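K.L.:
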Ligand code: SIN
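Numbering (our numbering), first residue to last: 677 to 1002.
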């Protein structure tokens, strides 16, 4: 039997509220031991160890806690007796944590995130099946070498591409244009695609000792958006991700501001507020090729990659290459 460690961080999967109800609950209140005890057959799948690393709403996640989490998982996966790790996490910011771990963990062993949209006290809580299937996936040989993954609603997602697309339904995630990596049929893993971007052992960030990450902020562009927000952000951020319209676009006032702040050393990434598609270099919106295009990353994932990139290099050409490869 494989040995799987569950690292619990909280979220709705550990939430409780009025018996039977799905809304108005407190996330991150139930201990992981109690959640595991409530799931029939889970101990038949793997030899389980559970660690309560945190117990909070995932909106309390931050860069320092990401580093603590990554260090803990790296420590666990180095153990010869550990075959895989499952992380329970709130769904609100799971996409960001999944990508951060995908870039920073130095292991080929499966690491699978999961959570729930309904608290443990709700009728038809979705957490137990999600956790059961996450443990099944982490125990499977088929999951080895795929980087960080997530399981929700019997669907397997890559840590790079997973995004929350619904804030109400239990089937709350997708992978942009890219479908999913596979399905779970109860305990059976059915993988049918692979994520080709660099991750885990091939990621330069997984070889770095992470301390404090450089400050990177996100600014949303909209009709009439005041370009002076960029001056404000530039006061205490080394990098700024612009969530632009269309393919990462903005008006002329924003372009002028980006050009002047970039000359002062601020690094800009152009991402898009459109959920699908790709942001690439653009001669009209970025004539001097100042900005790093976000490729297919969402704004919040582009921020994760820019923080790590700036911790690694100040060379814009190198950062552009990283954004194409990761
Ligand atoms: C959270 O992200 O911690 C709360 C919401 C959820 O888990 O669904």
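We put the beta carbon where it would ideally sit given N, CA and C, even for glycine. Note that the structure is a prediction, hence the values are computed from the model and not measured.
Three-state secondary structure (DSSP) at residue 767?
P.N.:
It is coil, neither helix nor strand.
K.L.:
For residue 702 and residue 961, I'd like the C-alpha separation in whole angstroms.
P.N.:
Going from the Cα of residue 702 to the Cα of residue 961 covers about 44 Å.
K.L.:
Return the CA-CA distance between residue 833 and residue 855, expressed in angstroms with no decimal places.
P.N.:
Rounded to the nearest angstrom, the two C-alpha atoms are 8 Å apart.
K.L.:
Kindly indicate which three-state DSSP category residue 839 falls into: helix, strand or coil?
P.N.:
Three-state DSSP puts residue 839 in a strand.
K.L.:
Could you tell me whether the Cβ atoms of residue 781 and residue 687 are closer together than 9 Å?
P.N.:
Going by C-beta atoms, residue 781 is not nearer than 9 Å to residue 687.
K.L.:
Along the chain, where does the beta strand (DSSP E) containing residue 916 start, and where does it finish?
P.N.:
Where residue 916 is concerned, the enclosing beta strand (DSSP E) stretches over 915 to 920.
K.L.:
Within 10 angstroms of the Cβ of residue 932, are there 16 or more other Cβ atoms? Answer buried if so, exposed if not.
P.N.:
That one is exposed.
K.L.:
Any idea what DSSP makes of residue 950, helix, strand or coil?
P.N.:
DSSP places residue 950 in coil when its eight states are reduced to three.
K.L.:
Who does residue 701 pair with in a DSSP beta bridge?
P.N.:
According to DSSP, residue 701 bridges with 693.
K.L.:
So, does the stretch 907 to 920 touch the stretch 945 to 963, judging by three or more C-beta pairs under 8 Å?
P.N.:
Contact between the stretch 907 to 920 and the stretch 945 to 963 is present, because at least three Cβ pairs lie under 8 Å.
K.L.:
Closest to residue 735 by C-alpha separation, out of 756, 939, 768, would be which residue?
P.N.:
For residue 735, the nearest C-alpha among the options comes from 768.
K.L.:
Below 8 Å, can you find three or more Cβ-Cβ pairs linking the stretch 782 to 800 to the stretch 808 to 824?
P.N.:
Flag = yes, the stretch 782 to 800 and the stretch 808 to 824 touch.
K.L.:
If you count every other CB in all the chains shown that lies within 10 Å of the CB of residue 851, and 16 or more means buried, which is it?
P.N.:
Buried, because 16 or more other Cβ atoms sit within 10 Å of the Cβ of residue 851.
K.L.:
Does at least one heavy atom of ligand 1 sit under 8 Å from the Cβ of residue 732?
P.N.:
Yes.
K.L.:
For residue 793 versus residue 827, is the C-beta distance shorter than 9 Å?
P.N.:
No; because the gap between Cβ atoms is not below 9 Å, this pair is not in contact.
K.L.:
Let me know if residue 944 comes out buried or exposed under the rule of 16 or more other beta-carbons within 10 Å of its beta-carbon.
P.N.:
Buried.
K.L.:
Would you say residue 873 and residue 1002 are within 9 Å of each other, going by their C-beta atoms?
P.N.:
Yes, they are a contact pair.
K.L.:
Considering only the alpha carbon of each residue, which of 978, 727, 805 lies closest to residue 774?
P.N.:
The option with the nearest alpha carbon to residue 774 is 978.
K.L.:
Measure from the alpha carbon of residue 898 to the alpha carbon of each residue in 913, 912, 871, 927, then state which is nearest.
P.N.:
Of 913, 912, 871, 927, the residue nearest in Cα terms is 927.
K.L.:
What are the start and end residues of the beta strand (DSSP E) that includes residue 871?
P.N.:
Looking at the DSSP string, residue 871 is not in any beta strand (DSSP E), and its letter there is neither H nor E.
K.L.:
Using three-state DSSP, classify residue 961 as helix, strand or coil.
P.N.:
In the structure shown, residue 961 sits in coil (DSSP, three-state: anything other than H, G, I, E or B).
K.L.:
Would the beta-carbon of residue 862 fall within 9 Å of that of residue 812?
P.N.:
Cβ atoms of residue 862 and residue 812: closer than 9 Å.
K.L.:
Note the first and the last residue of the continuous beta strand (DSSP E) segment covering residue 730.
P.N.:
Residues 723 to 732.
K.L.:
Compare the beta carbon distance of residue 779 and residue 879 with 9 Å and say whether it is the shorter of the two.
P.N.:
In contact: residue 779 and residue 879 (Cβ atoms closer than 9 Å).
K.L.:
Just checking my contact of residue 709 with residue 690 at CB under 8 Å: how many whole Å lie between their CB atoms?
P.N.:
Not confirmed; about 11 Å, so no contact.
K.L.:
Would you tell me roughly how many angstroms separate the C-alpha atoms of residue 891 and residue 971, rounded to the nearest one?
P.N.:
Distance between the alpha carbons of residue 891 and residue 971 is about 21 Å.
K.L.:
Measuring straight from C-alpha to C-alpha, what distance separates residue 866 and residue 858?
P.N.:
So the two alpha carbons sit approximately 5 Å from each other.
K.L.:
First and last residue of the alpha helix (DSSP H) that includes residue 834?
P.N.:
Not the alpha helix (DSSP H): residue 834 falls in the beta strand (DSSP E), residues 831 to 834.
K.L.:
Taking Cβ positions, are residue 998 and residue 973 nearer each other than 9 Å?
P.N.:
No.
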